[in-house]
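So the structure is just underneath, and the comments pick up after that.
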Amino acid sequence: MTTVLTASTPGAPVATAGPTPQNRTPRSPGRRVARPRRALRGMTWLRWLSPVVLILIWQIAGATGLLPERILPAPQLIASSALELIASGELADALAVSGVRVAQGFVLGAVAGLVLGVIVGTSRVADALVDPPLQMLRALPHLGLIPLFILWFGIGETPKVLLIALGVVFPIYLNTASGLRQVDPRLQDMATVFGFSRRQRLTEVILPSIAPQVLVGVRQSLAIAWLTLIVAEQLNATNGIGYLIMNARDYFRIDVIIVGLVVYALLGILTDAIVRVAEARALRHYR
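Under my numbering, residues 45 to 331 are what the sequence shown spells out, in order.
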């Protein structure tokens with residue numbers, strides 16, 4: 045025990061005694077770890093609390109008439125409409141058409157972005173010649189090219205797919221070229237010293253270096269692909285989720301419109317989660 049001296053003036057606190065920090069009993073590691081884990085579980089519940097409360101308020105406001113159905117239907121009505129669309133097969137058909145459009149546009153744009161990124165990222169001459177016009181084209185809002193695409197390619201599937209591809213190409217191009225430029229030269233020198241073949245240099249040096257950035261570009265491109273699809277399908281489409289939304293607008297079916305928007309959001313979240321899983325596995329593999 046040690047004594048803590050205090051001032052002797054009237055009214056001042058008297059000397060107190062207590063254990064020094066050196067003499068205090070240390071906490072066990074398990075106790076220190078348990079509290080953050082409990083706090084983490086509490087934060088997980090808090091993340092779900094606010095959405096659930098908002099949905100309950102929304103449902104109560106709709107059921108009591110505070111929120112008119114013509115403005116925003118209650119969640120129960122939206123869920124009923126979603127079940128009807130699923131039971132009739134209309135939602136599945138629209139989803140299949142939209143999924144094919146996104147897949148075609150994404151593959152086309154991703155291949156173009158990878159090829160351009162490799163060319164520009166591995167050649168200074170190509171960087172000087174190819175990158176400036178691509179940067180000028182990237183500065184244009186690709187959705188603003190819809191009138192030209194309709195005039196050039198008609199109102200079929202081609203302009204929709206090409207519009208998605210145009211939105212996809214630039215994030216993958218930029219991330220691929222940037223990743224190749226940032227490959228550590230010392231790793232390249234080590235590969236030369238150890239006599240790596242071109243295949244070994246690609247799989248052991250280049251791919252592990254650029255994989256994280258390329259996958260970031262893929263995630264960005266998928267988000268752009270779904271956003272582009274929303275606009276493209278609402279212009280000149282006779283099927284797909286966008287057509288479902290536009291047809292519901294003509295009949296003032298706000299519930300169906302919201303179902304379509306929720307489907308778009310869920311598709312974006314799903315594809316992003318798939319890429320994140322692929323990213324984690326790729327990084328573990330290359331480590």
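Where is the CB? At the ideal position from N, CA and C, for every residue including glycine.
Reference L187, options A324, I274 and S132, closest by Cα: I274
What's the call for F296, buried or exposed, on a 16-neighbour Cβ count within 10 Å? exposed
Could you check if A109 is buried or exposed, using at least 16 other CB atoms within 10 Å of its CB as the buried criterion? The displayed chain sequence assigns Gly, not Ala, to residue 109. Exposed.
Are the CB atoms of V212 and A269 within a distance shorter than 8 Å? yes
Counting beta carbon pairs with one atom in the region 196-212 and one in the region 237-245, are three or more of them shorter than 8 Å? no
Relative to the alpha-carbon of I318, which residue among T282, Y308 and L259 has its alpha-carbon at the smallest distance? L259
Are I313 and G261 close, meaning C-beta to C-beta below 8 Å? no
Would you call the region 165-173 in contact with the region 217-232, where contact means no fewer than 3 C-beta pairs closer than 8 Å? yes
Report buried or exposed for S94, applying the criterion of at least 16 other Cβ atoms within 10 angstroms of its Cβ. exposed
Is R243 helix, strand or coil when you go by DSSP? helix
Please report the residue range of the alpha helix (DSSP H) in which I190 lies. I190 to F197
Distance between F197 and Q264 (C-alpha atoms, nearest Å): 26 Å
Tell me whether I115 sits in a helix, a strand or coil according to DSSP, three-state version. coil
For the alpha helix (DSSP H) containing R263, name the first residue and the last one. L251 to E277
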